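In my numbering, the protein residues as written are 78 to 208. For glycine and all other residues, C-beta sits at the position ideal for the given N, C-alpha and C. Please read these numbers as outputs of a predicted model, since none were measured by experiment.
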Ligand SMILES: [Zn+2]
């Protein structure tokens with residue numbers, strides 16, 4: 078999946094703004110290009126878990142459809158741990174179509190990695206930054 082640099086920078090900023098809590102949001106685009114992100118509220122308000130506000134999630138789906146766009150992924154942050162899915166992340170991920178992006182603030186610059194579900198496990202997926 079290709080992701081615009083502005084999106085990578087934007088979700089890293091969102092992660093820093095919400096730290097020490099985890100942030101979360103949605104990634105939109107078309108084809109194999111993510112060129113838009115939507116910051117959503119983490120209803121858990123947790124340092125180790127997240128859940129996209131369901132109302133904001135539905136609103137984003139409606140808005141994307143109305144504009145001929147698609148939700149291609151979801152992102153969240155790991156303020157103090159590597160960009161590796163937690164057991165909770167795996168237990169709660171169910172959409173094989175989505176790219177799951179994790180922003181780690183463990184080091185500077187933030188480490189951003191992407192995963193897809195494959196046979197009940199996460200497999201790391203290449204992220205190609207594009208201008
Ligand atoms: Zn996580």
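Counting every other CB atom within 10 Å of its CB across the protein chains shown gives residue 185 a total below 16, marking it as exposed. In the three-state reduction of the DSSP assignment, residue 115 falls in the strand class.
A Cβ-Cβ contact shorter than 8 Å links residue 147 with residue 107.
Between the beta-carbon of residue 110 and that of residue 79 there is about 5 Å, and that keeps the pair under the 8 Å contact cut. A direct Cα-to-Cα measurement between residue 183 and residue 161 gives close to 11 Å. Distance between residue 198 and residue 176, taken at the CA atoms: about 13 Å. Residue side-chain check: residue 130 keeps its Cβ at 7 Å or more from all non-hydrogen atoms of ligand 1. In this structure, residue 181 places its C-beta atom within 8 Å of the C-beta atom of residue 155. Secondary structure in the stretch 113 to 168: the alpha helix (DSSP H) runs of 4 residues or longer, each lying completely within the stretch, are 131 to 143 in chain order. By the rule of a C-beta closer than 5 Å to any heavy atom of ligand 1, the residues picked out are 163, 166. Around the CB of residue 149, 16 or more other CB atoms lie within 10 Å, so the residue is classed as buried. Within the same chain, Cβ atoms closer than 6 Å to the Cβ of residue 114 are found at 84, 87, 88, 102, 104, the five residues on either side in sequence being excluded.
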